[in-house]
Amino acid sequence: MRGVVFQGDCELALVDFPDPAPGPGEVVLAMKASGMCGSDLHAYRAPKGRRFSIGRAAEGPVIAGHEPCGIVVAVGSGVGEREARLGQRAMCHHYKGCGVCGHCRTGWSQLCEEGFIAYGISGHGGHADYLKVPASTLVPLPDELSFETGAAISCGTGTAFGALRRMNLSGRDTIAIFGQGPVGLSATQLAVAMGRGR
Amino acid sequence: MPSRWGEGDKVTLDVSNDMLRRQLTLIASWTFSTVGQAECARFVVDRKIDVDSLFTHRWKLDQAAEAYRLFATHTTGKGVFVM
Chain G
1464 MRGVVFQGDC
1474 ELALVDFPDP
1484 APGPGEVVLA
1494 MKASGMCGSD
1504 LHAYRAPKGR
1514 RFSIGRAAEG
1524 PVIAGHEPCG
1534 IVVAVGSGVG
1544 EREARLGQRA
1554 MCHHYKGCGV
1564 CGHCRTGWSQ
1574 LCEEGFIAYG
1584 ISGHGGHADY
1594 LKVPASTLVP
1604 LPDELSFETG
1614 AAISCGTGTA
1624 FGALRRMNLS
1634 GRDTIAIFGQ
1644 GPVGLSATQL
1654 AVAMGRGR
Chain Z
-8 MPSRWGEGDK
2 VTLDVSNDML
12 RRQLTLIASW
22 TFSTVGQAEC
32 ARFVVDRKID
42 VDSLFTHRWK
52 LDQAAEAYRL
62 FATHTTGKGV
72 FVM
């Protein structure tokens, strides 16, 4: 398969990698959409020899893309039908932690006390033909939503939603959103919907 | 009050005037959980939010160099690779 690898100093390459095979507890997605995020530019622009990473340090060439969305095409041993099934449309919560700390157990692997892998930053991500991830990272994509929307929800749109939910926004409120990039635009769309109710 | 508080920023607050006298509530938020991601998807479906309209550019993987060159000019909306 091919994967986009940032090489530093605003250079990148489409590199050949072996097709991934899922290990125990893992799945492989055939990628259908992989979003570009403003935070990709940290790695894209990083000087050669000073690579950008979050969570654990990245080692070796890493496939970019932390907003993946696709279809399950391979399932590893120990993965139950409710976790993943062949042909399932899925987003990915693109982090892997220890799996047992309080953060991981409540779905916040990116806050793991033992450190975490961020797929697309410190582990292979979605700018590729295939993506291998733990089955536990999959979030089903509703049939009504496109793969592109799934990619957006996997980062910027989901981030906007998370913030608005913390604020418990409703039609009683007036909100000012500074910045109308993709995250701000998502927040505006979501806030309008929260404000007007059903 | 600063209007941009994002990753890496530092901010100085006058506690009395900026916070106490305004009875300010500060909330910080970063990303979301697996459950939150699923909830967002259900909300988008339920309220028929046109998230697709965020995308201004759709690219193939072999266009990655052009895609990021353009993206880095900060003159586009959201881009996505489609396969």
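Chains as they are written, first to last, in this note's numbering: chain G, 1464 to 1661; chain Z, -8 to 74.
All C-beta atoms in this analysis are idealised placements derived from N, C-alpha and C, irrespective of residue type, glycine included.
Three-state secondary structure (DSSP) of residue i
{"i": "Z/Arg33", "result": "helix"}
{"i": "Z/Ser(-6)", "result": "Here Z/Ser(-6) scores only 41 on pLDDT, less than 50, and its place in the model is too uncertain to base an answer on."}
{"i": "Z/Val6", "result": "helix"}
{"i": "Z/Leu11", "result": "helix"}
{"i": "G/Ile1616", "result": "helix"}
{"i": "G/Val1563", "result": "coil"}
{"i": "G/Gly1586", "result": "strand"}
{"i": "G/Ala1581", "result": "strand"}
{"i": "G/Pro1603", "result": "strand"}
{"i": "G/Ala1591", "result": "strand"}
{"i": "G/Glu1611", "result": "helix"}
{"i": "G/Pro1483", "result": "coil"}
Limits of the beta strand (DSSP E) - the one that residue i falls within
{"i": "G/Ala1537", "result": "Pro1531 to Val1538"}
{"i": "G/Ser1528", "result": "The question names Ser, but residue 1528 of chain G in the sequence shown is Gly. It is not in any beta strand (DSSP E) - G/Gly1528 carries neither H nor E in the DSSP assignment."}
{"i": "G/Arg1552", "result": "Arg1552 to Cys1555"}
{"i": "G/Arg1465", "result": "Arg1465 to Gly1471"}
Under 7 Å from the C-beta of residue i: neighbouring residues of chain Z
{"i": "G/Ser1516", "result": "Under the 7 Å cutoff, chain Z gives no residues; its nearest Cβ is about 14 Å from G/Ser1516."}
{"i": "G/Lys1592", "result": "The amino acid at residue 1592 of chain G is misidentified as Lys; the sequence shows Asp. The answer, in chain order, is Met74."}
{"i": "G/Arg1465", "result": "Leu52"}
DSSP bridge partner residues for residue i (one or two, in chain order)
{"i": "G/Met1494", "result": "G/Gly1533"}
{"i": "G/Met1657", "result": "None, per the DSSP bridge assignment."}
{"i": "Z/Phe72", "result": "G/Ser1497 and Z/Trp50"}
{"i": "G/Val1596", "result": "G/Val1490"}
Beta-carbon gap between residue i and residue j smaller than 8 Å
{"i": "G/Pro1531", "j": "G/Asp1472", "result": "no"}
{"i": "Z/His48", "j": "Z/Ala58", "result": "yes"}
{"i": "G/Gly1488", "j": "G/Gly1560", "result": "no"}
{"i": "G/Tyr1593", "j": "G/Leu1492", "result": "yes"}
{"i": "Z/Ile18", "j": "G/Arg1629", "result": "yes"}
{"i": "G/Ala1598", "j": "G/Arg1465", "result": "no"}
{"i": "G/Val1490", "j": "G/Val1525", "result": "no"}
{"i": "G/Ser1617", "j": "G/His1557", "result": "yes"}
{"i": "G/Leu1653", "j": "G/Ala1623", "result": "yes"}
{"i": "G/Arg1519", "j": "G/Phe1579", "result": "yes"}
{"i": "G/Cys1564", "j": "G/Cys1575", "result": "yes"}
Residue i - containing alpha helix (DSSP H), residue span
{"i": "G/Asp1479", "result": "Looking at the DSSP string, G/Asp1479 is not in any alpha helix (DSSP H); the run it does join, the beta strand (DSSP E), is Glu1474 to Asp1479."}
{"i": "Z/Tyr59", "result": "Ala55 to Phe62"}
{"i": "G/Leu1504", "result": "Asp1503 to Arg1508"}
7 Å Cβ cut-off: residues of chain G touching residue i
{"i": "Z/Arg38", "result": "Ala1656"}
Within chain Z, the residues that residue i reaches when beta carbons sit closer than 8 Å
{"i": "G/Val1602", "result": "Thr25, Gln28, Ala29 and Ala32"}
Listed by chain order, chain G residues near residue i by CB distance under 9 Å
{"i": "Z/Leu45", "result": "Glu1611, Thr1612, Ala1615, Gly1619, Thr1620, Pro1645, Leu1648, Ser1649 and Gln1652"}
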